[in-house]
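Worksheet: the structure to be examined is printed underneath.
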Amino acid sequence: MQRKLTRSHSQAKADKGTSTKVWAGRFTSGPAELMEKFSRSIDIDGRLWREDIRVNQAWATALRAAGILSAAEEKRIQNGLQRIAEEFRANRFRFRPQDEDIHVAIERRLTELSGDAGAKIHTGRSRNDQVARCMLA
Numbered sequence: 000m001q002r003k004l005t006r007s008h009s010q011a012k013a014d015k016g017t018s019t020k021v022w023a024g025r026f027t028s029g030p031a032e033l034m035e036k037f038s039r040s041i042d043i044d045g046r047l048w049r050e051d052i053r054v055n056q057a058w059a060t061a062l063r064a065a066g067i068l069s070a071a072e073e074k075r076i077q078n079g080l081q082r083i084a085e086e087f088r089a090n091r092f093r094f095r096p097q098d099e100d101i102h103v104a105i106e107r108r109l110t111e112l113s114g115d116a117g118a119k120i121h122t123g124r125s126r127n128d129q130v131a132r133c134m135l136a
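In terms of numbering that gives the first Met the number 0, the sequence shown has 135 at position 136, counting the first letter as 1, and numbering is strictly consecutive.
Spelled out as structure tokens, the structure:
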């Protein structure tokens, strides 16, 4: 049995061309540019790309087992994650200014590669869950 999910808030915002920031759903305007630069952690947590990809691979398998992803969606996600890993290994992964941290960067790229299936990878977990799991991976 596959469960029907609606698009995430960030995906809906992306479709409208508005902010896709993790916190964007509750605020009508963004922080000062200085604060965005201050809170951006890519320079520090960018080295966690291997761990984040492994966590996402396991999470996609769990979402499939729970009936949230179809077999085809899980395959697209796993293939996308493999391609992202290859991009990192070849030093070809490109961060974008809106990538607040490694988790957002990988989720963004996964959605670019895997479409709607990639956007489902965040289902059922918070950013804090991802950070904690990467520390244990």
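Don't be surprised by glycine CBs; every beta carbon is placed ideally from N, CA and C.
Computed from a predicted model, the values in this text were never measured in an experiment.
Sequence-distant residues of its chain with Cβ nearer than 6 Å to residue i (five each side left out)
i	result
Ser113	Arg75, Ile76, Gly79
Ala116	Glu72, Arg75, Ile76
Whole-angstrom distance between residue j and residue i, CA atom to CA atom
i	j	result
Ala64	Ala89	32 Å
Leu47	Gly123	21 Å
Gly66	Asp44	31 Å
Arg49	His121	17 Å
Thr5	Phe87	Bear in mind that the predicted position of Thr5 carries a pLDDT of just 47, short of 50, making it too unreliable to give a figure here.
His102	Gln81	15 Å
N-terminal and C-terminal residue of the alpha helix (DSSP H) that residue i is part of
i	result
Lys74	70-88
Asp100	Looking at the DSSP string, Asp100 is not in any alpha helix (DSSP H), and its letter there is neither H nor E.
Ile67	Counting along the chain, Ile67 falls outside any alpha helix (DSSP H), and DSSP gives it neither H nor E.
Gly29	Neither: Gly29 is in no alpha helix (DSSP H) and is coded neither H nor E.
Gly117	115-118
Spatial neighbours of residue i in its chain, beta-carbon cut-off 8 Å, leaving aside the 5 residues before and after
i	result
Leu68	Gln1, Ala59, Leu62, Ile76, Ala116, Lys119
Cβ of residue i within 8 Å of any chain E Cβ
i	result
Leu62	Protein chain content of the structure displayed is limited to a single chain, and chain E is not contained in it.
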